[in-house]
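Report on the structure given below.
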Amino acid sequence: MRSRLLTVWLVLAVPAALGAQGLTPRDSALHALNRLAYGPRPGEVDSVARVGVMRWIEQQLAFERVPDVRLAQRERDFKLLDLGREELAQRYGDALRQRREMQREMAQSGDTTRPRGAGPMREFRELGGELQQLAVVRAALSERQLREVMVDFWANHFNVFVGKGADRFLTPSYIEETIRPNALGRFEELLSATAKSPAMLFYLDNAQSVAPGASPPRRQPRAPRGLNENYARELLELHTLGVDGGYTQQDVIAVARIFTGWSIDRPQRGAGFAFHEWAHDHGEKQVLGVSIREGGMDEGIRLLKLLANEHATMHHVSRKLCARFVSDDPPDGCVDAAVDAWHRTNGDIRAVLRAIFTSPDFWAPQALRAKVKTPLEFVVSAVRAAGAEPDSTLRLAQVVARLGQPLYLQPAPTGSPETQAQWVNSGALLGRMNAAVALAAGRLPGASVDLDEVVPATENYEALVDAVNARILAGTMSPHTRSVILEQLADVKDPMQARMLAIGLALGGPEFQRQ
Amino acid sequence: MTISRRVFVKSGGLALVSLGLDPLFVNRAAYALRSSTQSPAVLVCLFQRGAVDGLNMIVPHGDPLYYQERPRIAIPAKDLIDLDGHFGLHPSLAPLKSLWDNKSLAAIHAVGSPDSTRSHFDAQDYMESGTPGMKSTSDGWLNRYCRHDQEHADTAFRAVAFGPQLPRILAGTSPALAIDDLQAFGLRVPQEGARDKLTRAFEELYDGAATGLLASSSQEGFAAIQILKRVDPAQYQPANGAAYPPGRFGRSMLQIAQLIKAGVGLEIAFADLGGWDTHVNQGSSEGQLAVRLRELGLGLAAFAQDLGEGMRNVVVLTMSEFGRTIAENGNSGTDHGHATAMLALGGAVNGGKVLGRWPGLDPASRFEGRDVAVTTDFRDLFGEILARHLGAADLAPVFPGFSPSPQRFPGAIRT
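Quick note, the sequences are listed as chains W and F, same order.
For this note's numbering, count along the first sequence from 1 and bump the result up by 34.
Position 100 of the second sequence, counted from 1, bears residue number 92 in this note's numbering, the numbering being contiguous throughout.
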């Protein structure tokens, strides 16, 4: 009942607040589509404005009820989704063995020419590449846009690096089983799922962390020795409390001791989480002034609960969410609103997001178009704006990579910052212009486009540029941009050529880099 | 477009061979001449990703343990190029011998990280962030150098990495270009007239409407395009008969030489080359490692030859995340070790020497009983080059939590 009342209040009261901010229904629909989604498709600003922006936001929050048939069909192209961790691990092992064999033969025969891009690893790499392309296809096609945005957010917050050893075959299940099911759930469950995930245990070396002096019951040739603080430190600094979250080096060591034994059972076979009793440090531990009594694996579970409910965690994660959704340096108001919602709901991510989307800071004029798109956001929003269809090859993900964001390939546990400095450099910007021109010419690798559907060619260039503004830039084209494009079209004879140029300049120009 | 070609002749002067001299071209040539007389210091960093076997690159042949530990992969004495009676060059590096003899090439042995990790991923990360053991550092030490050393103007080409992405070592708030290929930088339109028109259109769009970082970055990009138009990478001819090896590395070295000669304000260049992770059949005088070293040697030698006198103000430094085990493994290869060797090449280098304190291969002096111990923290070597070659005034912000000290500098730069 309470939630229904809340929804009614949202649908009725917030639009009034929007009006007070001077936003038209189209302005607010565009803003929501830029932030909660990967930009509008042609005509979508109007359809969201018609439904009512707050109602659309509620639909996106309750994504389970949004049908997503087209994406489900496209997902069938991805073999990766049919393969489990174990099978991927096996395929990777086979590829590795075959490659070694090939190298051995080559060295013996004195043949030193290494075939590039060929060999047994290739098939596995292609399969691995599906992971990146799948992210692009889902972002472009899913009707559950907010969920895709949140999967991207959490995959970055709980970053793993697909290039590190076993993470080559552990990352797909990390995305499917750890991140996606929890992206709009409760933070505590998401945190605990990442802590137990083989991908994270391997990436941040916790699988190697054992109590000082402990050794396995059966002799192993390369048994790990001693404590590894890597996961413990990043858990506190990045995943929960934040770098200024008030913990000490002693806390890091205590957390590392608590997680001794949290490991992976035979990673080369893709096996899952295992708790190794022999590796666990059974002593007394103190974290953030709290005593954690001896309890084997349960110590870690208690600790994660404690961390998830620390005020510093709520503040750190809420601020990062606001940096994603509101502005690079978000105002305190929306952060406080998110933290309040977190307290009230025990970390229900939907409630936290709702608090952000209803805060005045989210709708403030200075928040509109305040953020520069990431390469993924740029490519996907351009594909959506032009009504293009991404194919199932790796090529579009490679475009995203060339623009500076190779997906799941960020080696540092920090992931990428939620700020523009990461993405904007001159080479990358020229890359965006090239991608825009290529898309407008129907030559962007991995995307097919039918511009007749979006902006029909015409010899009336004023009308053409107005249509590009309305259909592709959702009305954001500045008078300056309009006049520069018209100037460029002045000596172009062919209307098809003119349309290509106008769309290329519009998508590659400054307005479209912002959201 | 006029077809023009510049030929740098031995005297260091400038000869022009041009069809259809136009005033613009004369201006360009004059610019090139002017800038070649006041060339600033340049640092070229080359990352050997995968951990090069320092012991087979700069071979301690005077140590009998070297041959005992590596029955199948040691470089036989007859193939080695002896350097000082104790160390020798891998035969694939023969093209570098004359640079050693004229004292512009030095090796620094037993250099590495104070962190004990044997993970490529972590060790590369630490070598690029410049903060071993600290994972949360978000920027790279070369970028921090650029940020804190404002003596050198931030031109579009001050810091350039050759590759599709900006590497960790140059990540950060100071501007840096990632260029996959100089010839492909800019807008990709085949026909020159159309390309120029489109470039001007985008430039106008951004001039009028962009703000903040979008505005400054687009300005840098268009400035770089203008400069490259003048440099005309497609027409470049290496000087002094220099022949770069085919492949990505040779092309990167050629383009770095080209940017240096063009006088576009290049101070930091970065390129990487892979294939050093020789766990299986690494070979000896011939084989896998030999092939990789040959490419490195040919690329460095061609670069030095191409720049000629220009090497006076250039230092090339190789680096790799760690070394490899002293003993060969069961697969005639080597596993991840600790210290490795790095090469420094250039007019400012204190060359003709193997620098650094050599800890020996004796089991008692090994790191964790198996690997070459680190006697030079890589930050002392990097710091020395920044301070003594580039003239960095303050190394504290470049290597936070560490104070590179002149007493510990390995002496890679002539003082």
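In this text, a Cβ means the ideal position worked out from N, Cα and C, and glycines have one as well.
Computed from a prediction, not measured in an experiment: that's the story for all the values here.
With DSSP collapsed to three states, give me the class of P56 of chain F.
As a working mapping, residue 56 of chain F is identified with position 64 in the second sequence. Of the three classes helix, strand and coil, the one that applies to P56 of chain F here is helix, per DSSP.
For chain F, check one thing: does any of its Cβ atoms lie closer than 8 Å to the Cβ of S460 of chain W?
Residue 460 of chain W sits at position 426 when you count from the first residue of the first sequence. Closer than 8 Å to the CB of S460 of chain W there is at least one CB belonging to chain F.
Give the C-beta separation of V413 of chain W and V434 of chain W to the nearest angstrom, bearing in mind that I take them to be a contact with Cβ-Cβ under 8 Å.
The residue given as residue 413 of chain W occupies position 379 in the first sequence. The residue given as residue 434 of chain W occupies position 400 in the first sequence. Distance from V413 of chain W to V434 of chain W at the Cβ level is roughly 5 Å; contact confirmed, criterion being Cβ atoms closer than 8 Å.
Can you pull the DSSP bridge partners for C37 of chain F?
Counting from 1 along the second sequence, the entry for residue 37 of chain F is found at position 45. DSSP lists F:F262, F:L309 as partners of C37 of chain F.
Do H350 of chain W and G276 of chain W have their CB atoms nearer than 8 Å?
As a position in the first sequence, residue 350 of chain W is number 316, starting the count at 1. As a position in the first sequence, residue 276 of chain W is number 242, starting the count at 1. Contact flag set, yes.
Spell out the partners DSSP gives Q320 of chain W in its beta bridges.
As a working mapping, residue 320 of chain W is identified with position 286 in the first sequence. Partner(s): W:S325.
Taking any Cβ of chain F, which residues in the stretch 167 to 199 of chain W have a Cβ under 9 Å from it, in chain order?
F195, G197, K198, G199
Using a Cβ-Cβ cut-off of 8 Å, state whether M534 of chain W counts as contacting chain F.
Sequence index remark: in the first sequence, residue 534 of chain W carries index 500 (1-based). It does not; no Cβ of chain F falls within 8 Å.
For W296 of chain W, the first and last residue of its enclosing alpha helix (DSSP H)
Counting from one through the first sequence, the residue named residue 296 of chain W turns up at place 262. It is not in any alpha helix (DSSP H) - W296 of chain W instead sits in the beta strand (DSSP E) that spans 296 to 298.
Among W:R548, W:T58, W:A227, W:A532, which has the Cα closest to the Cα of P409 of chain W?
Taking the first residue of the first sequence as 1, we reach residue 409 of chain W at position 375. Among W:R548, W:T58, W:A227, W:A532, the Cα nearest to that of P409 of chain W belongs to W:R548.
Can you tell me the Cβ-Cβ gap for V6 of chain W and V406 of chain W, rounded? I've got them flagged as a contact below 8 Å.
Outside the displayed span of chain W (35 to 549) sits residue 6 of chain W, for which this structure offers no information.
Compare the C-beta of P15 of chain F with all C-beta atoms of chain W and state if any pair is closer than 8 Å.
Residue mapping note: residue 15 of chain F aligns to position 23 of the second sequence, counting from 1. Annotation note: pLDDT 33 at P15 of chain F (below 50); position unreliable, no value reported.
Helix, strand or coil at S90 of chain F according to DSSP, with G and I counted as helix:
On the second sequence, position 98 is the one that residue 90 of chain F refers to. Under the three-state reduction of DSSP output, S90 of chain F falls in the helix class.
Could you check what DSSP says for T123 of chain F in three-state terms: helix, strand or coil?
Walking along the second sequence from the start, residue 123 of chain F turns up at place 131. Three-state result, T123 of chain F: coil.
Going straight from the alpha carbon of P529 of chain W to that of P544 of chain W, what length do you get?
Looking up residue 529 of chain W in the first sequence gives position 495. Looking up residue 544 of chain W in the first sequence gives position 510. In a straight line, the C-alpha of P529 of chain W is about 24 Å away from that of P544 of chain W.
Outcome for V483 of chain W when other beta-carbon atoms lying within 10 angstroms are tallied against a minimum of 16:
Numbered from 1 along the first sequence, position 449 holds the residue referred to as residue 483 of chain W. With 16 or more Cβ atoms within 10 Å of its Cβ, V483 of chain W is classed as buried.
Going by DSSP, name the residue or residues bridged to V103 of chain F.
As a first step, residue 103 of chain F is located in the second sequence; it is residue number 111 there, counting from the start. Beta-bridge pairing links V103 of chain F to F:T332, F:T368.
Run through chain F and tell me which residues come within less than 8 Å of E545 of chain W, C-beta to C-beta.
Along the first sequence, one-based indexing puts residue 545 of chain W at 511. Those are A201, listed as they occur along chain F.
Is there at least one Cβ from chain F nearer than 8 Å to A524 of chain W's Cβ?
Your numbering for residue 524 of chain W matches position 490 in the first sequence. No - not a single Cβ of chain F is within 8 Å of the one on A524 of chain W.
Should A340 of chain F and I260 of chain F be called a contact, given that it needs their Cβ atoms to be closer than 8 Å?
For the purposes of this step, residue 340 of chain F is taken as the residue at position 348 of the second sequence. For the purposes of this step, residue 260 of chain F is taken as the residue at position 268 of the second sequence. Not in contact: A340 of chain F and I260 of chain F (Cβ atoms no closer than 8 Å).
Report the CB separation of A229 of chain W from H314 of chain W in whole angstroms; it is logged as a contact under 8 Å.
Locating residue 229 of chain W in the first sequence gives position 195, where the first residue counts as 1. Locating residue 314 of chain W in the first sequence gives position 280, where the first residue counts as 1. At roughly 15 Å, the Cβ-Cβ gap does not stay under 8 Å, so A229 of chain W and H314 of chain W are not in contact.
Does the separation of the CB atoms of V85 of chain W and S62 of chain W fall below 8 Å?
Numbered from its first residue, the first sequence carries residue 85 of chain W at position 51. Numbered from its first residue, the first sequence carries residue 62 of chain W at position 28. Their beta carbons are not under 8 Å apart, which means V85 of chain W does not touch S62 of chain W by this criterion.
Proximal residues of chain W, C-beta to C-beta of I171 of chain F below 9 Å
Position 179 of the second sequence holds residue 171 of chain F. What I171 of chain F touches in chain W: G461.
DSSP state of E423 of chain W mapped onto helix, strand, coil
The count along the first sequence starts at 1 and reaches residue 423 of chain W at position 389. E423 of chain W falls in the strand class under three-state DSSP.
Mind pulling the chain F residues with CB within less than 7 Å of S512 of chain W?
As a position in the first sequence, residue 512 of chain W is number 478, starting the count at 1. Here the neighbours are A201.
Go through its chain and collect everything with a Cβ distance to G33 of chain W's Cβ below 7 Å, but skip five positions before and after it.
Missing from the structure shown is residue 33 of chain W; chain W here goes from 35 to 549 and no further.
Assuming the contact rule is C-beta atoms closer than 8 Å, A419 of chain W and P74 of chain W should be a hit. Round their C-beta distance to whole Å, please.
Here residue 419 of chain W is taken as the residue at index 385 of the first sequence, counted from 1. Here residue 74 of chain W is taken as the residue at index 40 of the first sequence, counted from 1. So it is a contact: roughly 7 Å between Cβ atoms.
Within the continuous alpha helix (DSSP H) that includes L340 of chain W, where are the two ends?
Counting from one through the first sequence, the residue named residue 340 of chain W turns up at place 306. Element bounds for L340 of chain W: 331 to 342.
Could you work out which residue in F:V366, F:G155, F:P396, F:L97 is closest to R380 of chain F when comparing CA atoms only?
Numbered from 1 along the second sequence, position 388 holds the residue referred to as residue 380 of chain F. Considering only alpha carbons, the answer is F:P396.
Under 8 Å by Cβ, that's how I've got E164 of chain W and L114 of chain W pegged, so tell me the actual separation to the nearest angstrom.
As a working note, residue 164 of chain W is residue 130 in the first sequence. As a working note, residue 114 of chain W is residue 80 in the first sequence. At roughly 4 Å, the Cβ-Cβ gap stays under 8 Å, so E164 of chain W and L114 of chain W are in contact.
Report the option in F:T310, F:S312, F:T326, F:V308 whose CA atom is closest to the CA atom of Q274 of chain F.
The residue labelled residue 274 of chain F in the question sits at position 282 within the second sequence. When only C-alpha atoms are compared, the closest one is F:T326.
Taking C-alpha atoms, which residue in F:F394, F:K95, F:T191, F:E313 lies nearest to V366 of chain F?
Here the question's residue 366 of chain F lines up with position 374 in the second sequence. It is F:E313 whose Cα lies nearest to the Cα of V366 of chain F.
Under the rule that 16 or more other beta-carbon atoms within 10 Å means buried, what is Q531 of chain W, buried or exposed?
Within the first sequence, the letter at position 497 stands for residue 531 of chain W. Counting Cβ neighbours within 10 Å, Q531 of chain W comes out exposed, since fewer than 16 surround it.
DSSP three-state label for I506 of chain W, please.
Numbered from its first residue, the first sequence carries residue 506 of chain W at position 472. I506 of chain W falls in the coil class under three-state DSSP.
Scan the stretch 122 to 138 of chain W for residues whose Cβ lies nearer than 7 Å to a Cβ of chain F and list them as they occur along the chain.
So the close ones are R134, Q137, R138.
Excluding the 5 residues flanking G393 of chain F on each side, which residues of the same chain have their C-beta closer than 6 Å to its C-beta?
The residue given as residue 393 of chain F occupies position 401 in the second sequence. No residues qualify anywhere along the chain.
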